[in-house]
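Asks: Dropping a structure here in structure tokens format, bear with me for questions.
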Amino acid sequence: MLADLNATRARAGLSILKLDSRLTQLARAHGIDMAEHNYFAHATQNGQSPFARMRADNISFGWAGENLAMSPDEPTAYQALLQSPEHLANIMQRHFSKVGIAAVQGPDGEMLFVQDFTN
């Protein structure tokens, strides 16, 4: 998925994203939480937004965003993200320089993909 993100950005003349281990841990934790508690949303069941989760993990940012996709595989998930104006806006956000990516299998066998972005 990182290669797909960076290829899309490069075609548009944007800088590539660097994979960030702290954002990856954050994305993975959210994916696991969604899978274990059978929900699909940016906010956790206790209402914590992606930005609140970043702050709680001491990840500083001026710009941040999150993409979620549920799909049987990465290519299908990535194409769905590209078709959504809101998700595509995150992918193409020129202020973003870092990303964390996670793929977690949900209880129904579908894959849950989480992309967390910051500057």
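Heads up: the sequence shown at position 11 corresponds to 9 in our numbering, and the numbers run straight through without jumps.
Beta carbons: idealized from backbone N, C-alpha and C, even for Gly.
Note that the structure is predicted; figures quoted are calculated from it, not measured.
(1) Near Y76, which residues of its chain fall below 7 Å by C-beta distance, leaving aside the five closest residues on each side in sequence?
(2) What distance in whole Å lies between the Cβ atoms of G11 and V102, which are believed to be in contact at a cut-off of 8 Å?
(3) Since N65 sits in a beta bridge, which residues does DSSP pair it with?
(4) According to DSSP, is Q103 helix, strand or coil?
(5) For the stretch 21 to 39 and the stretch 90 to 107, state whether three or more C-beta atom pairs, one from each stretch, are separated by less than 8 Å.
(6) Could you spell out where the alpha helix (DSSP H) holding R51 opens and where it closes?
(7) Mind checking whether E64 and Q113 have CB atoms under 9 Å apart?
Replies: So, to answer that:
(1) M(-1), D2
(2) So it is not a contact: roughly 32 Å between Cβ atoms.
(3) Q113
(4) strand
(5) yes
(6) 48 to 54
(7) yes
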